[in-house]
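In the numbering used here, the protein residues as written are 1333 to 1528.
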Amino acid sequence: MKPAQAQYTRRSIRLKGHDYSQPGAYFVTVCTPDRACLFGELADGEMRLNPAGQLVELGWCAIPDHFPLARLDSFVVMPNHVHGIIVLSNVGATVGATHASPLRDPAPTGRPRGPQRHSIGAIVGSFKSAVTKNINASRGTPGAPVWQRNYYEHVVRDEGSLNRIRQYILDNPAQWAMDRDNPLVVAAEEADAWRR
């Protein structure tokens, strides 16, 4: 591999062999670049969204309008990230029209060029794109990054895990002072202490 190619090669953080368009619940976290606090602030353990944060919330709530097989569960917009649970229903039963663009034919390598339609990757990509466009239009900052390049996900395996994640999302604003995504928290160990 040439040095220029190595610079742009990313290792996938997805679960190897998992089909992210399969029915099930997925816990997703999407962050701003360098954990910049763009969406509001915490006061008295409650998130106070600024106009950009309100656009993030509107964009998240609009996901089922564009992806009819997706249902939203618990979510929270934080100063520099969004946590949310997306539940996918049976992908084989396409319901209504979708605003997602169809994928092109596979690249000559035989690998697809983007995420599978109706997959978590397609949903998160569409959300990030729409919110970025709306925030930049409202701020007059065309092309400015709003999100980091990737996102984090966790395949929710059972009801107990789903309930723990729901509680984590609910508690997230109150735990901001100890959250590893808070740029003012110094030590990761300290940030994770409340999770034990």
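We put the CB at the ideal spot given by N, CA and C, even for glycine.
Three-state secondary structure (DSSP) of residue i
{"i": "T1361", "result": "strand"}
{"i": "Y1534", "result": "For residue 1534 there is no data in the structure shown, the boundaries of the chain being 1333 and 1528."}
{"i": "A1506", "result": "coil"}
{"i": "A1489", "result": "The sequence given here places Arg at residue 1489; Ala does not occur at that position. The answer is coil: DSSP assigns R1489 none of H, G, I, E or B."}
{"i": "A1462", "result": "helix"}
{"i": "V1414", "result": "strand"}
{"i": "L1420", "result": "strand"}
{"i": "G1356", "result": "strand"}
{"i": "D1405", "result": "strand"}
{"i": "L1390", "result": "helix"}
{"i": "R1449", "result": "coil"}
{"i": "N1495", "result": "helix"}
{"i": "A1454", "result": "helix"}
{"i": "D1513", "result": "coil"}
For residue i, the residue or residues it bridges with in DSSP
{"i": "M1379", "result": "L1374"}
{"i": "Y1484", "result": "T1361"}
Cα-Cα separation, residue i to residue j
{"i": "H1415", "j": "G1472", "result": "26 Å"}
{"i": "D1397", "j": "A1506", "result": "30 Å"}
{"i": "I1455", "j": "C1393", "result": "12 Å"}
{"i": "G1457", "j": "P1400", "result": "16 Å"}
{"i": "V1419", "j": "P1383", "result": "27 Å"}
{"i": "Y1483", "j": "C1363", "result": "7 Å"}
{"i": "A1429", "j": "V1517", "result": "For A1429, the pLDDT reaches just 37, beneath the cut-off of 50, and the residue's location in the model is therefore unreliable, leaving the point undetermined."}
{"i": "G1391", "j": "L1404", "result": "12 Å"}
{"i": "T1464", "j": "D1490", "result": "33 Å"}
{"i": "T1361", "j": "M1510", "result": "17 Å"}
{"i": "Q1386", "j": "G1492", "result": "31 Å"}
{"i": "F1459", "j": "I1395", "result": "7 Å"}
{"i": "S1470", "j": "I1501", "result": "28 Å"}
{"i": "M1410", "j": "V1478", "result": "14 Å"}
Residues of its chain near residue i, where Cβ-Cβ distance is below 8 Å and the 5 sequence neighbours each way are ignored
{"i": "R1380", "result": "G1372, E1373, L1374"}
{"i": "V1488", "result": "G1356, A1357, Y1358, F1359, I1417, L1494, I1497"}
Contact set for residue i: own chain, Cβ-Cβ below 7 Å, skip 5 residues either direction
{"i": "N1514", "result": "W1508"}
{"i": "R1531", "result": "Nothing can be reported for residue 1531, as the shown portion of the chain is limited to 1333 through 1528."}
{"i": "A1462", "result": "G1391"}
{"i": "W1377", "result": "According to the sequence shown, residue 1377 is Gly rather than Trp. Result list for G1377: P1505, A1506, in chain order."}
{"i": "Q1480", "result": "C1363, T1364, P1365"}
Nearest-angstrom Cβ-Cβ length linking residue i and residue j, presumed shorter than 8 Å
{"i": "A1476", "j": "N1466", "result": "The pair is not a contact, with the Cβ atoms about 12 Å apart (cut-off 8 Å)."}
{"i": "R1498", "j": "S1406", "result": "5 Å"}
{"i": "F1359", "j": "I1417", "result": "5 Å"}
{"i": "N1504", "j": "V1388", "result": "Actually they do not touch by this definition, with Cβ atoms about 14 Å apart."}
Chain-order list of residues whose beta-carbon lies under 6 Å from that of residue i (same chain, five-residue window excluded)
{"i": "S1421", "result": "P1355, L1401"}
{"i": "L1370", "result": "T1364, A1384"}
{"i": "H1486", "result": "F1359"}
{"i": "P1474", "result": "N1468"}
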